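This report refers to the structure that appears directly beneath it.
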Amino acid sequence: KAGVTQTPRYLIKTRGQQVTLSCSPISGHRSVSWYQQTPGQGLQFLFEYFSETQRNKGNFPGRFSGRQFSNSRSEMNVSTLELGDSALYLCASGRGSGTGELFFGEGSRLTVL
Amino acid sequence: AQSVTQLGSHVSVSEGALVLLRCNYSSSVPPYLFWYVQYPNQGLQLLLKYTSAATLVKGINGFEAEFKKSETSFHLTKPSAHMSDAAEYFCAVSEARTGNQFYFGTGTSLTVIP
Chain A
24 KAGVTQTPRY
34 LIKTRGQQVT
44 LSCSPISGHR
54 SVSWYQQTPG
64 QGLQFLFEYF
74 SETQRNKGNF
84 PGRFSGRQFS
94 NSRSEMNVST
104 LELGDSALYL
114 CASGRGSGTG
124 ELFFGEGSRL
134 TVL
Chain B
17 AQSVTQLGSH
27 VSVSEGALVL
37 LRCNYSSSVP
47 PYLFWYVQYP
57 NQGLQLLLKY
67 TSAATLVKGI
77 NGFEAEFKKS
87 ETSFHLTKPS
97 AHMSDAAEYF
107 CAVSEARTGN
117 QFYFGTGTSL
127 TVIP
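In structure tokens, the structure reads:
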């Protein structure tokens with residue numbers, strides 16, 4: 024059974040640019056969550072999508088957005104990149120209930136110069 | 017609101033010694049609790065989870081955790097540390113009513129000394 028796949032694994036951008044990250048969940052999982060991981064802030068919840076609808080949202084500015092497609096694949100977009108956006112962005116898939124575990128991808132490491 | 021506190025951002029143990037990683041949570045409803053492990057340049061891997069069944073939960077790689085409601089704790093233990101246990105460990109809490117929104121602790125980096 025394939026795991027959660029995130030692309031790209033590494034990318035470098037400059038301030039002001041935008042970036043799109045992709046996540047393919049485990050087959051059959053309808054929930055996709057995104058987290059930002061930094062050394063200073065730890066793991067911070069960005070948003071969760073379930074059946075193409077955003078179900079939960081963390082405290083991030085509107086520059087951070089996401090969407091989910093009918094096949095459950097998800098993308099997140101960050102516009103007008105800032106230096107502080109440099110982080111490991113983790114995607115996690117799940118069945119959709121808080122009682123179940125999340126399965127994480129290996130992450131997309133974004134560096135903003 | 018839910019939150020998770022992991023006491024000790026860095027823990028060092030000798031190989032073969034007991035591993036104890038502390039986690040305390042706050043939640044207004046019965047929580048679901050998880051421990052994840054992260055190796056360098058990798059995502060998070062589930063070690064174990066508590067979802068209101070047995071209070072002593074056994075996970076992978078010899079780890080276990082005990083849910084203590086009176087202490088709002090969910091500490092992770094392993095009787096004998098191996099070198100391969102060196103990693104970052106995260107405690108997390110979720111509530112069914114919030115879907116899949118997990119709240120993570122700040123993590124504990126475990127070093128195993130040979």
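Note that the protein sequences, when read in sequence, are chains A and B.
If you read the first sequence in my numbering, its first letter stands for residue 24, the second for the next number, and so on.
If you read the second sequence in my numbering, its first letter stands for residue 17, the second for the next number, and so on.
Note that CB positions come from ideal geometry on N, CA and C, so glycine has one too.
Quick caveat: nothing in here was measured; it's all calculated off a predicted structure.
- prompt: So which residues on chain B does A/F127 lean against when the C-beta distance must stay under 9 Å?
  reply: The count along the first sequence starts at 1 and reaches residue 127 of chain A at position 104. By Cβ distance, chain B contributes Y52, Q54, Q58, G59, L60, Q61 and L62.
message: By the DSSP assignment, the beta strand (DSSP E) with B/K65 in it spans what residues?
response: By 1-based counting over the second sequence, the position of residue 65 of chain B is 49. B/K65 -> beta strand (DSSP E) spans L60 to Y66.
query: Looking at C-beta atoms only, is the number of pairs between the segment 103 to 116 of chain A and the segment 27 to 36 of chain B that lie closer than 8 Å three or more?
result: Per the Cβ contact rule, the segment 103 to 116 of chain A is not in contact with the segment 27 to 36 of chain B (fewer than 3 Cβ pairs under 8 Å).
- prompt: Comparing the C-beta of B/F83 with each C-beta of chain A, is any distance below 7 Å?
  reply: Translated into the one-based positions of the second sequence, residue 83 of chain B becomes position 67. With 7 Å as the cut-off, B/F83 does not count as an interface residue toward chain A.
- request: With a 10 Å radius around its C-beta and 16 neighbouring C-beta atoms as the bar for buried, classify B/L23 as buried or exposed.
  value: In the second sequence, counting from the first residue as 1, residue 23 of chain B sits at position 7. Counting Cβ neighbours within 10 Å, B/L23 comes out exposed, since fewer than 16 surround it.
query: If you measure from the beta carbon of A/G75 to each beta carbon in chain B, is any gap under 7 Å?
result: For the purposes of this step, residue 75 of chain A is taken as residue 52 along the first sequence, with counting starting at 1. Reading off the sequence shown, one finds Glu at residue 75 of chain A, where the question assumed Gly. With a threshold of 7 Å between beta carbons, A/E75 makes no contact with chain B.
- prompt: Of all the CB atoms in chain B, is at least one closer than 7 Å to the CB of A/F68?
  reply: Position 45 of the first sequence, counting from 1, holds the residue named residue 68 of chain A. So yes, A/F68 belongs to the interface.
task: Check whether the Cβ atoms of A/N82 and A/E71 sit closer than 7 Å, and answer yes or no.
output: Reading the first sequence from its first residue, position 59 is the one you call residue 82 of chain A. Reading the first sequence from its first residue, position 48 is the one you call residue 71 of chain A. Remark: C-beta atoms of A/N82 and A/E71 do not approach each other more closely than 7 Å.
- prompt: Can you tell which of A/S93, A/S56, A/E98 and A/G65 has its C-alpha closest to the C-alpha of A/T43?
  reply: Position 20 of the first sequence, counting from 1, holds the residue named residue 43 of chain A. For A/T43, the closest of A/S93, A/S56, A/E98 and A/G65 by C-alpha to C-alpha distance is A/E98.
field: CA nearest to the CA of B/S110, picked from A/G123, A/I49 and A/A115
entry: Here residue 110 of chain B corresponds to residue number 94 of the second sequence, with the count starting at 1. Selected option, being the one with the closest Cα: A/G123.
- request: State buried or exposed for B/E87, treating a residue as buried only when at least 16 other CB atoms are found within 10 Å of its CB.
  value: Position 71 of the second sequence, counting from 1, holds the residue named residue 87 of chain B. Flag for B/E87 reads exposed.
- request: Answer with yes or no whether the minimum CB distance from A/L113 to chain B is below 7 Å.
  value: Numbered from 1 along the first sequence, position 90 holds the residue referred to as residue 113 of chain A. With 7 Å as the cut-off, A/L113 counts as an interface residue toward chain B.
- request: Report the neighbours of A/G130 on chain B: residues whose CB is nearer than 7 Å to its CB, in chain order.
  value: Here residue 130 of chain A refers to the residue found at position 107 when the first sequence is read from its first residue. Going along chain B in sequence order, the residues near A/G130 (Cβ under 7 Å) are G59.
C-beta neighbour in chain B for A/E124, strict 7 Å: As a first step, residue 124 of chain A is located in the first sequence; it is residue number 101 there, counting from the start. Cβ-Cβ to chain B under 7 Å: yes for A/E124.
- prompt: DSSP on B/G78, reduced to helix/strand/coil?
  reply: Translated into positions along the second sequence, residue 78 of chain B becomes position 62. Helix.
- prompt: Comparing alpha-carbon positions, which option in A/G128, A/S102 and A/F73 lies nearest B/Q117?
  reply: In the second sequence, counting from the first residue as 1, residue 117 of chain B sits at position 101. Minimum Cα distance to B/Q117 is reached at A/F73.
query: With distances taken from CA atoms, which of A/S47, A/S54 and A/E129 is nearest A/R118?
result: Taking the first sequence and counting its residues from 1, one reaches residue 118 of chain A at position 95. Check the Cα spacing between A/R118 and each of A/S47, A/S54 and A/E129: the tightest is with A/S54.
message: Is the beta carbon of A/L34 closer than 7 Å to that of A/L136?
response: Position 113 of the first sequence, counting from 1, holds the residue named residue 136 of chain A. Position 11 of the first sequence, counting from 1, holds the residue named residue 34 of chain A. Against a cut-off of 7 Å, the Cβ pair of A/L34 and A/L136 comes out as no contact.
field: Span separating the alpha-carbon of A/F87 from that of A/K36
entry: Translated into the one-based positions of the first sequence, residue 87 of chain A becomes position 64. Translated into the one-based positions of the first sequence, residue 36 of chain A becomes position 13. The straight-line gap from Cα to Cα measures roughly 15 Å.
query: Between the beta-carbon of A/Q40 and the beta-carbon of A/L113, is there less than 7 Å?
result: Residue mapping note: residue 40 of chain A aligns to position 17 of the first sequence, counting from 1. Residue mapping note: residue 113 of chain A aligns to position 90 of the first sequence, counting from 1. Their beta carbons are not under 7 Å apart, which means A/Q40 does not touch A/L113 by this criterion.
message: For A/E98, list the residues DSSP reports as bridge partners.
response: Taking the first residue of the first sequence as position 1, residue 98 of chain A is located at position 75. As a beta-bridge residue in DSSP terms, A/E98 pairs with A/S45 and A/R90.
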